[in-house]
Amino acid sequence: MHVTQANDGIKIAYRSFGEGPEVVFLVHGWMVSGAVHDDLLEHLERDGLRIIVPDLRGAGQSDKPEEGYSIKRYADDVLSIADAEGIKSFTVVGHSMGGQIAQWLAAHHADRVNGVVLLCPVPASGAPLPPEAIGLFSSAGGNRDAQRTILGLACKELAPASLERLLDDGARTLPAAVRLSFDVWRTGGFSDVLGQIKAPLLVVGTDDPFLPPAALKGEIVSKVRGARFAYLPGPGHYVQVERPRETAALLQAFLAAHRP
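All residue numbers for the sequence shown refer to this note's numbering, where the first residue is 5 and numbers rise by one.
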């Protein structure tokens, strides 16, 4: 595990795999850490790749401040890792809220982003939820039962052992980070900049009950020139955990087609 310091003094932990010339960031989403990508890493062919897996602030082994959570702040933390490692440009893979972060990076830092892969991403416009879901999600920090309910609603093919592993990971995320970042990704509010994305972009959608293909196509694919959509039927929101082999194959094909 490596550690760097963000420009506000917060320490950001991350893992690095491989020494290849092509750099790929795997950015996790809400409530969990970079460990959510472990199954995906097992199935990725790493030849020629350098893979960076951050723990966003508030999660995993990074510092856990009581405030300071925003999509821009998360994006800046990713860039702080790239700068510390001397990485000038990279492909960013984002899951869920991490997909929002990836959209922000690609729109605001086009000179740094070579490609974008979004796994069941929250659109830049946010994710409208019914009132009962808002109450459940906003109070999920430090609440294993609430997180179990959320994962049960969001996932279609999650193995029991994988569920417990996600819950163990979620227990290490600061409750304030869960609450504050939920308000951030739920409201979004920056879809107007998606037209600035120039890098090749692939959205991977599933039978996710919260973010169905039609929503992803309408809110992301249609707004980014040349964006492509891949539908993987069966799994729910945590596609890289529910179907790691197929997710790895989609990512590998994207990387092969868009080598910088």
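Think of the CB as a built atom: it goes at the ideal place given N, C-alpha and C, for glycine as much as any other residue.
In this structure, Tyr78 sits near Ile105, with a CB-CB distance shorter than 8 Å. Shortest Cα-Cα distance from Ser100 to any of Gln107, Val82, Asn118, Cys124 involves Cys124. Residue pairing from DSSP places Arg54 in a beta bridge opposite Val27. Residue pairing of Arg148 in beta bridges, as defined by DSSP: absent, with no partner found.
For Phe141, the enclosing alpha helix (DSSP H) begins and ends at 135-142. Counting of Cβ neighbours within 10 angstroms places Gln200 among the exposed residues, the total staying below 16. About 7 Å separates the beta carbon of Pro127 from that of Ser195, a gap short enough to meet the 8 Å contact definition. Contact check between the stretch 145-160 and the stretch 238-246: three or more CB pairs, one atom from each, fall below 8 Å, which counts as touching. For the pair of segments examined, the stretch 20-33 was found not to touch the stretch 140-147: the number of CB pairs separated by less than 8 Å stays below three.
When DSSP states are grouped into helix, strand and coil, Ile105 belongs to the helix group. Gly145 counts as buried, since at least 16 other C-beta atoms from the protein chains shown sit within 10 angstroms of its C-beta. Counting of Cβ neighbours within 10 angstroms places Asn118 among the buried residues, the total reaching 16 or more. A Cβ-Cβ separation of about 12 Å leaves Leu255 out of contact with Val96 under the 8 Å criterion. The Cβ-Cβ distance between Glu70 and Pro248 does not fall below 8 Å. If you check the CB distance, Arg19 and Val57 come in under 8 Å. A residue is called buried once 16 or more other Cβ atoms fall within 10 Å of its Cβ, and Ala261, having fewer, is exposed. By a beta-carbon distance limit of 8 Å, Ala17 does not contact Gly90. Their separation comes to about 18 Å. For Phe258 and Ala111, the gap between their C-alpha atoms comes out near 19 Å.
Counting of Cβ neighbours within 10 angstroms places Thr210 among the buried residues, the total reaching 16 or more. Excluding the 5 residues flanking it on each side, Gly230 has same chain C-beta neighbours closer than 8 Å at Pro204, Leu205, in chain order.
In the DSSP assignment, Lys15 is bridged to Gln9.
Measuring C-alpha to C-alpha distances from Glu26 to each of Gly13, His6, Arg50 identifies Arg50 as the nearest. By the CB criterion at 8 Å, Gly52 and Gly24 fall inside the cutoff. The beta-carbon distance between Trp189 and Gly130, rounded to whole angstroms, is 7 Å. This is short enough to meet the 8 Å contact definition.
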